[in-house]
Amino acid sequence: MGSMGAGLPSGSSAVALRLFRDPEAQSSVLAALHHPFVRALGLGSLSREAFQCYIGQDAFFLKSFAEGYAAAIQRCTPGQQHLVGALSELLRGVQDELKLHESYALEWGVDLSKHLQPNSSTRAYVDFLHQVAADPTEGVAGIVAAMVPCLRLYAYLACQLAAAFPFADHEYTEWVRSYSSAEYLRLPSKAEAVLDETSDSEPYGERCSWERGC
Numbered sequence: 095m096g097s098m099g100a101g102l103p104s105g106s107s108a109v110a111l112r113l114f115r116d117p118e119a120q121s122s123v124l125a126a127l128h129h130p131f132v133r134a135l136g137l138g139s140l141s142r143e144a145f146q147c148y149i150g151q152d153a154f155f156l157k158s159f160a161e162g163y164a165a166a167i168q169r170c171t172p173g174q175q176h177l178v179g180a181l182s183e184l185l186r187g188v189q190d191e192l193k194l195h196e197s198y199a200l201e202w203g204v205d206l207s208k209h210l211q212p213n214s215s216t217r218a219y220v221d222f223l224h225q226v227a228a229d230p231t232e233g234v235a236g237i238v239a240a241m242v243p244c245l246r247l248y249a250y251l252a253c254q255l256a257a258a259f260p261f262a263d264h265e266y267t268e269w270v271r272s273y274s275s276a277e278y279l280r281l282p283s284k285a286e287a288v289l290d291e292t293s294d295s296e297p298y299g300e301r302c303s304w305e306r307g308c
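Following our numbering, the numbering of the sequence shown begins with 95 at its first residue and continues without gaps.
Encoded structure:
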């Protein structure tokens with residue numbers, strides 16, 4: 095598809111960039127990039143039913159993200175209170191995404207009340223995030239690390255699609271533009287900055303286990 099550099103963590107985000115380049119992470123990223131769903135989304139050939147299902151599942155997923163950020167804010171130590179602003183901005187970003195999904199749902203005729211139960215893939219991730227956020231011994235780094243890979247993957251996939259199909263004009267173009275926009279891209283970068291600052295004392299192997307958990 096597009097340039098491999100599009101949507102990558104910035105060079106200033108040492109932890110996120112190192113984890114993104116991890117061979118196992120790269121295998122997962124490339125598998126997602128070449129997944130039939132993603133390619134069909136970029137081409138505009140994705141079935142309406144598949145996109146409707148995605149909207150419902152992602153709304154559920156985003157609600158768990160909001161809970162994760164709220165937990166991270168509560169978990170800030172006295173020495174981490176300066177991070178509350180960044181985490182609150184990330185929480186507002188999720189809330190804005192939920193509003194976007196509500197508009198998509200209205201446009202696509204999706205009844206979000208019928209998608210209150212996640213499918214097996216969504217459930218696996220949501221349960222993982224809930225487990226991390228509910229662990230009283232887990233700090234900000236662990237909670238944010240459980241979410242950063244997903245934020246970055248959305249950005250990377252959207253940027254790759256935007257680069258591969260720059261003149262696309264179909265019913266999914268708005269999705270690609272939204273997640274490859276400067277407004278969205280600052281969110282994974284902000285989360286990665288929080289991860290960099292809070293995970294300095296964590297061994298690289300444990301960081302990798304966080305990343306792979308997503």
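We put the CB at the ideal spot given by N, CA and C, even for glycine.
Excluding the 5 residues flanking residue i on each side, which residues of the same chain have their C-beta closer than 7 Å to its C-beta?
i	result
Leu247	Val123 and Ala126
Trp304	With a pLDDT of 47 at Trp304, under the threshold of 50, the modelled position of this residue cannot be trusted; read the value that follows with caution. Result list for Trp304: Gly236, Ala239 and Ala240, in chain order.
Pro212	Gln151, Phe154 and Val220
Thr216	Gln151, Phe154 and Phe155
Gln146	Trp202 and Val204
Leu194	Ser272
Thr231	none
Ser182	Ile167
Which same chain residues, not among the five before or five after residue i, have their C-beta less than 6 Å away from its C-beta?
i	result
His253	The amino acid occupying residue 253 in the given sequence is Cys; His does not appear at that position. Ala100, Gly101 and Ser274, listed in sequence order.
Val188	Leu156, Phe159 and Ala160
Glu196	none
Glu191	Leu156
Leu279	Ala249
Phe259	Gly136
Ala134	Leu140
What's the gap between the Cα of residue i and the Cα of residue j?
i	j	result
Tyr148	Ala164	24 Å
Leu184	Ala239	14 Å
Ser104	Asp290	12 Å
Ser121	Val132	16 Å
Ala108	Ala285	13 Å
Pro130	Gln175	43 Å
Arg271	Gly173	38 Å
Ala218	Val288	25 Å
Ala144	Ser214	16 Å
Gly203	Ala180	34 Å
Asp263	Arg142	16 Å
Asp116	His128	18 Å
Val178	Leu255	33 Å
Gly162	Ala276	23 Å
Ala166	Phe261	40 Å
Can you find the residues in the same chain that come closer than 8 Å, C-beta to C-beta, to residue i, ignoring five residues on each side of it along the sequence?
i	result
Gly233	Arg169, Thr171 and Thr292
Just to check my reading of the structure: residue i and residue j have Cβ atoms closer than 8 Å, yes? What is that Cβ distance to the nearest angstrom?
i	j	result
Val220	Ala110	So it is not a contact: roughly 22 Å between Cβ atoms.
Leu245	Leu281	6 Å
Taking three-plus beta-carbon pairs below 8 Å as touching, is the region 157-172 in contact with the region 221-234? yes
Contact between the region 266-283 and the region 136-146 (3+ Cβ pairs under 8 Å): yes
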